[in-house]
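Undergrad: Residue numbers (the working numbering): 200 to 494.
Just dropping this structure here.
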Amino acid sequence: MKELVIISGKGGTGKTSIAASFAVLAGNAVTADCDVDAADLHLVLAPQVQQRGGFRSGHEARIRTEDCGGCGVCARLCRFGAVGQQQGPDGAVTYAIDPLACEGCGLCARYCPQQAIDLKERDCGEWFVSETRCGPLVHASLDAAAENSGKLVSLVRDKARTVAKEGGRELIIVDGAPGIGCPVIASLTGATAVLIVTEPTVSGAHDLERVAAVARHFAVPAWVCVNKWDLNPGMTEQIEATVRRQGMQVAGRVRYDRDVTAAQVAARTIVEFTVNGAGGDVRALWLEMGRCLTV
Ligand code: SF4
Ligand code: SF4
């Protein structure tokens, strides 16, 4: 089983459009949306959910108001300012914890003299296994302000591997997270190859170098594609020269094409929308990546 991960040094480079196109062109792959902080593959692939489950990570504290003696120890101990005072209908002072501010450290629960604080696992979101017009999609939804998205990425990748194994599918296409943080590391460790999508701008070049260093650190062979390359051909050439100098491969270029937006509006991928322009470029990119995966 092979895993092709598509990532970018920053958001908005066109990574997801390319990942969705690859899913369509592959036809028989499992696709995993590991950009869990801003999941959007489902907008184009129109999944029908077949399985779903909860994702829990970390802890949150809750005060049982009926058992609280109002001593205020928890509010004094909490370094995160998560405990607030409140007054009950009878005028008695009690305390409550703001779940968004609570870091789940457990200190208040440990020192509450009334043992009135429960420390529970935090519900952070959901995962889904869905059917789409181009095979199974494993995706997730992270609750607002929920953390540990790297752990959810690992869960999505594990599920994708299970789905691939059960269905006898040889390829997993992963839409990875942008940037260089924990979700990206969770997206690409152990992958067969990574395609880094960048754009011909100064920030694109800078962010590419940072994410390429992450791929190098984890010894994942990296290919690079410059999206909207014709907006700045000089910068595209500079980026490609850097890519070669750093021992990575240039996978191809995708031109700027208004049809990409038109395809998104129609909830289609660019390769379903047209065989010309950017649609043709992405097809060529897919053929190149297919060659890389068979080496
Ligand atoms: S430490 Fe316990 S008893 Fe004291 S205010 Fe907090 S929850 Fe209530
Ligand atoms: S668990 Fe930690 S962060 Fe949360 S309210 Fe208690 S002391 Fe504050």
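For each residue, glycine too, the CB sits at the ideal point set by N, CA and C.
Here the structure is a predicted model, which is why all the values come from computation and not from measurement.
Identify the continuous beta strand (DSSP E) that holds residue 259 and give its terminal residues.
TA: Taking the sequence shown and counting its residues from 1, the one referred to as residue 259 is at position 60. Here the beta strand (DSSP E) through residue 259 covers 247-262.
Undergrad: Keeping to the same chain, check which residues put their C-beta closer than 7 Å to that of residue 442; ignore five residues upstream and five downstream.
TA: One-based indexing of the sequence shown puts residue 442 at position 243. 423, 449.
Undergrad: Should residue 355 go down as buried or exposed, given a rule of 16 or more other Cβ atoms within 10 Å for buried?
TA: The sequence position of residue 355 within the sequence shown is 156, counting from 1. By the neighbour-count rule (16 or more Cβ atoms within 10 Å), residue 355 is buried.
Undergrad: Which residue marks the beginning of the beta strand (DSSP E) containing residue 417, and which one marks its end?
TA: The residue you call residue 417 lines up with position 218 of the sequence shown. No beta strand (DSSP E) holds residue 417; DSSP gives it neither H nor E.
Undergrad: Could you tell me the distance, in whole angstroms, from the CA atom of residue 240 to the CA atom of residue 214?
TA: Here residue 240 is taken as the residue at index 41 of the sequence shown, counted from 1. Here residue 214 is taken as the residue at index 15 of the sequence shown, counted from 1. Cα-Cα distance, rounded: 10 Å.
Undergrad: Please report the residue range of the beta strand (DSSP E) in which residue 294 lies.
TA: Taking the first residue of the sequence shown as position 1, residue 294 is located at position 95. It spans 292-296 - the beta strand (DSSP E) in which residue 294 sits, taken as one unbroken run.
Undergrad: Going by the C-beta, is residue 344 closer than 7 Å to any heavy atom of ligand 2?
TA: Position 145 of the sequence shown, counting from 1, holds the residue named residue 344. No.
Undergrad: Considering residue 244, what are the terminal residues of the alpha helix (DSSP H) in which it resides?
TA: Here residue 244 refers to the residue found at position 45 of the sequence shown. Residues 240-244.
Undergrad: Rounded C-beta distance between residue 412 and residue 437? I'm assuming under 8 Å.
TA: Counted from its first residue, the sequence shown places residue 412 at position 213. Counted from its first residue, the sequence shown places residue 437 at position 238. Between residue 437 and residue 412 the Cβ distance is about 18 Å, and since that is not below 8 Å, they are no contact.
Undergrad: On the three-pair Cβ rule with 8 Å, is the region 262-278 touching the region 372-389?
TA: No, the region 262-278 is not in contact with the region 372-389.
Undergrad: Since I believe residue 262 is in contact with residue 315 (beta carbons under 8 Å), could you give me their beta-carbon distance rounded to a whole number of angstroms?
TA: As a position in the sequence shown, residue 315 is number 116, starting the count at 1. As a position in the sequence shown, residue 262 is number 63, starting the count at 1. Their Cβ separation, rounded to whole angstroms, is 6 Å, which keeps residue 315 and residue 262 in contact under 8 Å.
Undergrad: Does residue 319 pass the burial test, meaning 16 or more other C-beta atoms within 10 Å, or should it be called exposed?
TA: Here residue 319 refers to the residue found at position 120 of the sequence shown. Exposed, because fewer than 16 other Cβ atoms sit within 10 Å of the Cβ of residue 319.
Undergrad: State the Cα-Cα distance for the pair residue 484 and residue 218, rounded to the nearest angstrom.
TA: Position 285 of the sequence shown, counting from 1, holds the residue named residue 484. Position 19 of the sequence shown, counting from 1, holds the residue named residue 218. If you take the alpha carbons of residue 484 and residue 218, they lie about 11 Å apart.
Undergrad: Flag this pair as touching only if the region 246-254 and the region 288-298 have three or more C-beta atom pairs under 8 Å; answer yes or no.
TA: Contact fails: fewer than three Cβ-Cβ distances are below 8 Å.
Undergrad: Bridge partners for residue 389 per DSSP, in chain order?
TA: Position 190 of the sequence shown, counting from 1, holds the residue named residue 389. BP columns for residue 389 are empty, so no partner.
Undergrad: Can you give me the C-alpha to C-alpha distance between residue 456 and residue 379, rounded to a whole angstrom?
TA: Residue numbering aside, residue 456 sits at position 257 when the sequence shown is read from its first letter. Residue numbering aside, residue 379 sits at position 180 when the sequence shown is read from its first letter. When rounded, the distance between both Cα atoms is 28 Å.
Undergrad: Please report the distance separating the alpha-carbon of residue 479 from that of residue 224.
TA: Residue numbering aside, residue 479 sits at position 280 when the sequence shown is read from its first letter. Residue numbering aside, residue 224 sits at position 25 when the sequence shown is read from its first letter. Their Cα atoms are separated by approximately 12 Å.
Undergrad: If you compare alpha carbons, which of 265, 264, 282, 266 is closest to residue 272?
TA: In the sequence shown, the residue the question calls residue 272 occupies position 73. Closest by alpha carbon: 282.
Undergrad: So with Cβ pairs under 8 Å, would you call residue 245 a contact of chain C?
TA: In the structure shown, chain C cannot be found, because there is only a single protein chain.
Undergrad: Name the residue from 341, 331, 337 whose alpha carbon lies nearest to the alpha carbon of residue 362.
TA: Stepping through the sequence shown from its first residue, residue 362 is reached at position 163. Taking only the C-alpha atoms, the option nearest residue 362 is 337.
Undergrad: Within the region 298-364, note down every full alpha helix (DSSP H) run reaching 4 residues or more, in order along the chain.
TA: 306-310, all fully within the region 298-364.
Undergrad: Taking all protein chains shown into account, decide if residue 266 is buried (16 or more other Cβ within 10 angstroms of its Cβ) or exposed.
TA: Indexing the sequence shown from 1 puts residue 266 at position 67. Residue 266 comes out exposed.
Undergrad: Mapping the DSSP letters down to three states, classify residue 423 as helix, strand or coil.
TA: Position 224 of the sequence shown, counted from the first residue, corresponds to residue 423. Residue 423 falls in the strand class under three-state DSSP.
Undergrad: Nearest by alpha-carbon distance to residue 303: which of 290, 321, 291 is it?
TA: By 1-based counting over the sequence shown, the position of residue 303 is 104. Residue 303 has its Cα closest to that of 321, out of 290, 321, 291.
Undergrad: Since residue 393 and residue 235 are thought to touch, with beta carbons under 8 Å apart, how far apart are those beta carbons, to the nearest angstrom?
TA: Position 194 of the sequence shown, counting from 1, holds the residue named residue 393. Position 36 of the sequence shown, counting from 1, holds the residue named residue 235. With a Cβ gap of about 18 Å, residue 393 and residue 235 do not count as contacting.
Undergrad: Going by DSSP in three states, residue 437 sits in which element: helix, strand or coil?
TA: Translated into positions along the sequence shown, residue 437 becomes position 238. Residue 437: helix per DSSP, three-state reduction.
Undergrad: Please work out which residues of its chain come closer than 6 Å, Cβ to Cβ, to residue 349, disregarding the five sequence neighbours upstream and downstream, and give them in chain order.
TA: As a position in the sequence shown, residue 349 is number 150, starting the count at 1. For residue 349, where only same-chain residues beyond five positions count, the Cβ hits under 6 Å are 381, 382, 385.
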